[in-house]
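For reference, the structure discussed in these notes is given below.
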Amino acid sequence: MITRRALMTVATATPFFSFAGQGWADTPKDTVVVGKAIDDIISLDPAEAFEFSGGEVNGNCYERLVVPNPEKPSEIVGEIAQSWTVSPDGLVFTFTIKPGLKFASGAPVTAEDAAFSLQRTIKLNKSPAFIINQFGANKDNVEKMIVATGPNTLTFTIAEKVAPTFVLYCLSANCGSIVEKAVVMKNDVAGDLGNAWMKTNSAGSGPFSVRSWKASESVILDANPNSTIKAKPRRVFYKHIIDPSAQQLQLQQGDIDIARDLLPDQLKAAQANPAFALSSAPQSYIMYLCLNQNVPNLAKPQVRQAIKWAIDYDGIQQNIVPTTYDVQQSFVPKGMMGAISDRPFKKDIAKAKALMAEAGLANGFELVIDHYNGQPGGDIAQAIQANLGEIGIKVTLQAGEQRQVITRYRARTHQSAILSWGIDYFDPNTNAETFCVNVDNSDTARNKTLAWRNSWQDVDLSNRAIAAVKESDAKVREEMYASMQRDHHQRSPFALLLQATGWAVMRKNLKGFTLAPLGLRTTFDQVTKA
Amino acid sequence: MATSRLKALAATTASVPITLFGLVLVTFLIGRVMPIDPVLAIVGDRAPADVVAAARLELGLDRPLYVQFWIYLTKLAVGDLGRSVMTSHTVGEDIRRFFPATMELATVAIFLAAGIGIPLGVLAAVKQGTRIDHTIRVVCLAGHSLPIFVLSLLSLLVFYATLGWAPGPGRQNLMFDDMVPVVTNFLTVDALLAGEWEVFRDAVAHLLQPAGVLAYFAMAFIARMTRAFMLDALAGEYVITARAKGLSPMRVIWRHAFGNISVRLVTIIALTYAGLLEGAVVTETVFSWPGLGQYLTISLLNADMNAVLGATLVVGVTYLGFNLLADVLYRLLDPRVS
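Chains as they are written, first to last, in my numbering: chain Y, 6 to 535; chain P, 21 to 358.
Printed below as a string of C-alpha cells:
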C-alpha cells in the first residue's frame, strides 16, 4: 500500500531527480571548448597583453607583418607582409603588404593600418613596448621611424644596425599584431588610442574575433568570416577552470574538448586512455636557481660551481616532473636558434665538496631560497634543499605567492631563489640579454635584467651578448650564442635546471589541434570535430 | 522598556559606520604594506623602469599614504570603488557580476541547510542516545570535518562523472551563454524574467550541486546547534509541565520546545548565511563558479587593491547587515532581551 508519507517523499524528490539520467549534452559540433586557467589575462589589447593566455587569444585574432614558420621556426615567413627588403646599410626595412587581406569589419588591411599598429604599441608604452622600441623608436620620433609610404608599402627605420633576423623576430611578437586603425580610433577615449576598448574587444584580420571576455569565467571567440584564414569551427570557447581535477572530469564527460592544465599523474592516466589524444611541445619556460652576488658566500666562484655540481638534475626531472619538464642547463631554450644540448653538470658530491673546501667553506653556510608556493616549485625546492644539505649548505626554504617572490627578486632582497623565465620574443637575444647583460648595476637601472637582479656583472659576457645582436651572419651569430652559453655555465650565478613541456589532452573526436612550441601561436582555425 | 530597546538598537546601528570605516582603514593599510608590488599585476615582470614608474604614477602610489587613503575615501563617498586592474572593469561592475553569483549559491544553500538541518537537529535531540541520534551525529561530523574541496570533488565524481545526474562545473551550459539579457545578474531570476525556461532549468541544475555541497557543510553546523538548543529546551520545566498537561508529543516538541529555541536559531542561521555570502573560495574554485570568493582571492594574490577593498567592503557590509538583522530580530522576538 502506498502511504501518504511515501507519496509525499516521492513527490518532493521528483523535481531533483528529473535532471537525472537525461545526459548532459556534448559540446556543439561547431564549437571548440577549451578548459584552461585563464585568470592571467589582464588585457586582450595586443599592445598591452603580455601574459600567456592573452597572447594565445591574440594569436587567433590578429596577424603580424612576419611570423616564424610554424613548421620550421628558424625561418621567417610573411603573414601580412608579402615581401620585405633591407637597405644596404641595414637600417631601413621596407615591407610590401599582401593584397586582398581583410579585417573582421570587411575593410582591407593597408600599410597605414600596419604603421598605425606599430606606432600605437610605442605610443601606449605598455609592458611589451620595449620589444619594438629597443630599435630606437619612442613616442616622439615613431611617426618618422615607422611610415606608410604608399597604400601597400611600409618602412621601418631602426637607429642602429642589428641582425635583420633580430628585427623580424621582434616584429613577429604579439605586440606587432596589426589592428584596424579606423575601428580602434572610433573607440578612442581621451587619447587612449582605443586601449580601454581593446582590452575586451578585437580589431584584427585573424581567423577569429573576440566575442566576449568575462574575467574568471570565459573568453569566447567567433570565426571571422572576412579573414583569409577560414576558421573551421564557428566558435572557440575558453572555459576558466582552475582545478586540474575538475578539468579532467569535464574532459571525460565531454563538457570540454581540450584540457590544458592537467597534472603529471593525470597526463599519465590520459596517455593510457584510448578516448584521448595528447599533444605536447617544449615551452620557452626555463626554471633556474639564482644566487644573489650581494651575498658574500655566493659571490665566490667555487661556491657557485659547487652548488651546480651538487644538484641532482636527473633525479629531480625523473621523480618530480617526468612529463612536464626536461633537464635544461643552458639559457637558450631548445628548439630556438642558438640552443645547445650541452649538459655540463650532474650530481657529483665529492667534486662539490672539494670546491666548497677550496672556497674555505668546508663546513658550509646558511642560505635562504625563495620559491613559489605552488607545485612543482615546492617539491623541487625541497629536493635542492636536500642536495645542498649534502655539501653542508643549510637551506631554509621561503615559499611565497608568485608576485610576492618576484617583488623581493626585483628589489634584490633575496639571497637565492628558484624561478622560471619565458622568452619575450622568438630570438635568442631575449634570454641572452636577460641572463648576461648588466651594464648599470645601480638601483636606478632602466633595464632590470636577471643578471642585474642578482647583482652580477660579467663585462665580457655582457659585451658579447650586445655584440651578438649586431651580427648579420646567421651562422656566426648562432656560434656566438653557443660559446656564450658555455662560458655562462661556468661563470654565472644561475644554475639552470629544467625546461617546461606543455601538454594538451583532447578528446579523440577532435582533429587538427596541436600545441605550438616555445610560445609560438597555438591556433584553432583548423580544428574539426567528428 | 520600549525606549531602552530602541536606544540599544540605535547604538548598535550607530556602530556600523564606525566598524566599516575601521574595516576600510585596516584593509587599505594591509594592502599597502603587503609584500607584493601592485604594479607587477599591471605591467608584469618584464617591464622596463620607465613603464613601471608610469604605472605607479597612474595608480597614485607615489603620493603619501594618508593622501592615497583620503582620495580613496572621497571617491568611496560617491560610490566610486575604482577600477580593477585584473578585469579592466570598475570594481562596482565586477561586484554587480560576482556577488549575485555568490548570493544565488548561498541562498539556495542556506534554505537547503536550514530545511534539512533543523528537523535533523530536533530529531537527534528527541531521540537522544538512540541509533538515530548517533547516525545524525556521524553525518554531521562528516559534513563538518571533511575538507570542503574533498566534498566538492567527491560530489562531482559521484553525481556528475559517475551517475550523470548533475551537470558539470560552471554556472550554465555554454550553449545558453548570453541567451538571456542581464538584468539582476542572478541567472535564475534573469532567465525567468526573459521567460527562458530551458535556461532557468539549466541554471537551477548547475546551482544544485555546489549549493548542495555548501548546504551539507552549513547543515552540519545548524543541526548540531539545533540539537544542543533542543536538549536544553526539552529539559525545561515548562516542557515537563506541558507533557504533564497531556499535550501531544509533537505539540510539545514543535510548539513549546522549538518555539523557545527559534530565536537563537535565527541568529545561527543569519550568521551562517552571512558566512556563505562571503564567498566559498574552495567550492567556487572546484565548481568554476564566478563568485565573490574567487574574485577576492585572485585580486589579493595580484595585489589588485581596489578590487580587494571593494570586495572586502561588500563582505563587511553583508556581515554587519546580517549581524544587525540578527540583533534586531533577537530583540524583537525575545521579550527577555532589553
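Don't be surprised by glycine CBs; every beta carbon is placed ideally from N, CA and C.
All figures in this text were calculated on a predicted structure; none of them were measured in a lab.
Problem - chain P contact residues for arginine 408/Y, given Cβ-Cβ distances below 8 Å - result: Near arginine 408/Y (Cβ distances below 8 Å), the residues of chain P are Ile56, Asp57, Leu60, Ala61, Leu321, Asn322, Ala323.
Problem - Proximal residues to lysine 358/Y (C-beta, below 6 Å), its chain only, five neighbours per side dropped - result: If we look at lysine 358/Y and ignore the five residues flanking it on each side, its Cβ neighbours are Ile396.
Handout entry: Segment limits, alpha helix (DSSP H) that includes tyrosine 180/P
Key = Careful: tyrosine 180/P lies outside any alpha helix (DSSP H) and carries neither H nor E.
Exercise for the section: From the DSSP output, in three-state form, read off phenylalanine 499/Y for me. Expected result: Of the three classes helix, strand and coil, the one that applies to phenylalanine 499/Y here is strand, per DSSP.
Problem - Segment contact flag, the segment 346 to 357 of chain P with the segment 275 to 286 of chain P, C-beta cutoff 8 Å, min 3 pairs - result: Yes: at least three Cβ pairs fall under 8 Å.
Problem - glycine 40/Y versus Asp262/Y, Cys66/Y, Met361/Y, residue with shortest Cα-Cα distance - result: Ranked by Cα distance from glycine 40/Y, the options Asp262/Y, Cys66/Y, Met361/Y are led by Asp262/Y.
Problem - Whole-angstrom distance between leucine 96/P and valine 335/P, CA atom to CA atom - result: Their backbone Cα atoms lie some 16 Å apart in a straight line.
Exercise for the section: Alpha carbon to alpha carbon, how far is valine 37/Y from glycine 188/P? Give it in angstroms, no decimals. Expected result: Cα to Cα, glycine 188/P sits roughly 17 Å from valine 37/Y.
Practice task
Taking C-beta pairs closer than 9 Å, name the residues in chain P that leucine 254/Y reaches, listed in chain order.
Solution key: The answer, in chain order, is Leu173, Leu176, Leu177, Tyr180, Ala181, Gly188, Pro189.
Exercise for the section: Could you name the residues of the segment 447 to 465 of chain Y whose beta carbon sits closer than 8 Å to any beta carbon of chain P, in the order they occur along the chain? Expected result: Within the segment 447 to 465 of chain Y, the qualifying residues are Thr449, Ala450, Arg451, Asn452, Lys453.
Problem - Interface partners of glutamine 314/P on chain Y, CB under 7 Å - result: For the C-beta of glutamine 314/P, the chain Y residues within less than 7 Å are, from N- to C-terminus, Ser221.
Practice task
Determine, using beta carbons only, whether isoleucine 47/Y and serine 223/Y come nearer to each other than 9 Å.
Solution key: With contacts defined by Cβ atoms closer than 9 Å, isoleucine 47/Y and serine 223/Y do not form a contacting pair.
Handout entry: Backbone CA spacing between serine 172/P and valine 306/P [nearest angstrom]
Key = Rounded to the nearest angstrom, the two C-alpha atoms are 7 Å apart.
Handout entry: Residue range of the beta strand (DSSP E) that includes aspartate 227/Y
Key = Aspartate 227/Y -> beta strand (DSSP E) spans 223 to 228.
Handout entry: Straight-line Cα distance separating glycine 383/Y from threonine 160/Y
Key = Each residue's alpha carbon lies about 49 Å from the other.
Handout entry: Backbone secondary structure at methionine 292/Y - three-state DSSP
Key = If DSSP states are grouped into helix, strand and coil, methionine 292/Y belongs with the strands.
Handout entry: Interfacial residues, the segment 225 to 253 of chain Y to chain P, with Cβ spacing under 8 Å
Key = Within the segment 225 to 253 of chain Y, the residues whose Cβ lies closer than 8 Å to some Cβ of chain P are Ile225, Phe242, Lys244, His245, Ile246, Ile247, Asp248, Ser250, Ala251, listed in chain order.
Exercise for the section: May I ask you to check if the CB of asparagine 193/P is nearer than 8 Å to at least one heavy atom of the ligand SAM? Expected result: Absence of the ligand SAM from the depicted structure is noted, as is the absence of any ligand whatsoever, leaving it without description.
Practice task
With 9 Å as the threshold, decide whether the Cβ of arginine 265/Y is near any Cβ in chain P.
Solution key: Taking Cβ atoms only, chain P never reaches closer than 9 Å to arginine 265/Y, which makes this a no.
Handout entry: CB contact flag (lysine 107/Y, serine 285/Y, <9 Å)
Key = Taking C-beta atoms as the reference points, lysine 107/Y and serine 285/Y fail to come closer than 9 Å.
Practice task
Inspect the beta-carbon positions of methionine 341/Y and leucine 502/Y and report whether they are closer than 9 Å.
Solution key: No; because the gap between Cβ atoms is not below 9 Å, this pair is not in contact.
Exercise for the section: May I ask which residues mark the beginning and end of the alpha helix (DSSP H) holding threonine 338/P? Expected result: From DSSP, the alpha helix (DSSP H) with threonine 338/P extends over 325 to 353.
Problem - Where aspartate 35/Y meets chain P, residues with beta-carbon distance less than 8 Å - result: The premise fails here: aspartate 35/Y is roughly 11 Å from chain P at the closest Cβ pair, so nothing lies under 8 Å.
Problem - Cross-strand partners of isoleucine 374/Y (DSSP beta bridge) - result: Paired residues: Leu402/Y, Ser421/Y.
Problem - Whole runs of the beta strand (DSSP E) within the segment 218 to 280 of chain Y, excluding any shorter than 3 residues - result: For the segment 218 to 280 of chain Y, whole beta strand (DSSP E) runs of length 3 or above, ordered along the chain, are 223 to 228, 240 to 245.
Handout entry: Whole runs of the alpha helix (DSSP H) within the segment 247 to 303 of chain P, excluding any shorter than 4 residues
Key = Taking 4 residues as the minimum length, the alpha helix (DSSP H) runs contained wholly in the segment 247 to 303 of chain P are 257 to 264, 279 to 297, in order along the chain.
Exercise for the section: Give me the Cβ distance between alanine 134/Y and cysteine 180/Y, rounded to the nearest whole Å; I'm assuming they're in contact under 8 Å. Expected result: That pair is a contact at about 7 Å.
Handout entry: Check whether methionine 270/P and glycine 141/P have beta carbons under 9 Å apart
Key = Note that the C-beta distance between methionine 270/P and glycine 141/P is not below 9 Å.
Practice task
Determine contact between the segment 473 to 492 of chain Y and the segment 262 to 279 of chain Y, defined as no fewer than three beta-carbon pairs at a distance below 8 Å.
Solution key: Cβ pair count under 8 Å is below three, so no.
Practice task
Closer than 7 Å, Cβ to Cβ, to anything on chain Y: give me those residues from the segment 279 to 293 of chain P, in chain order.
Solution key: Residues are counted here when their Cβ sits less than 7 Å from a Cβ of chain Y; for the segment 279 to 293 of chain P the count is zero.
Exercise for the section: Using a threshold of 9 Å, state whether the C-beta atoms of methionine 199/P and alanine 181/P are closer than that. Expected result: Taking a C-beta distance under 9 Å as the contact criterion, methionine 199/P and alanine 181/P do not qualify as a contact pair.
Practice task
Check each residue of the segment 85 to 112 of chain P: if its Cβ is closer than 7 Å to any Cβ of chain Y, include it; give the result in chain order.
Solution key: Taking a C-beta cut-off of 7 Å against chain Y, the contacting residues of the segment 85 to 112 of chain P are Val105, Met106, Thr107, Ser108, listed in chain order.
Handout entry: Integer-rounded CB distance, given that lysine 131/Y should sit under 8 Å from glutamate 53/Y
Key = Indeed, because the Cβ distance is near 4 Å, the residues count as touching under 8 Å.
Handout entry: proline 104/Y classed as buried or exposed, judged by whether at least 16 other C-beta atoms fall within 10 angstroms
Key = Under this definition proline 104/Y is an exposed residue.
Problem - When Leu198/Y, Leu424/Y, Ala228/Y are compared against aspartate 35/Y, the one with the closest alpha-carbon - result: Answer by Cα proximity: Ala228/Y.
Handout entry: Neighbour-count burial assignment, lysine 273/Y, 16 or more Cβ in a 10 Å radius
Key = Exposed is the call here.
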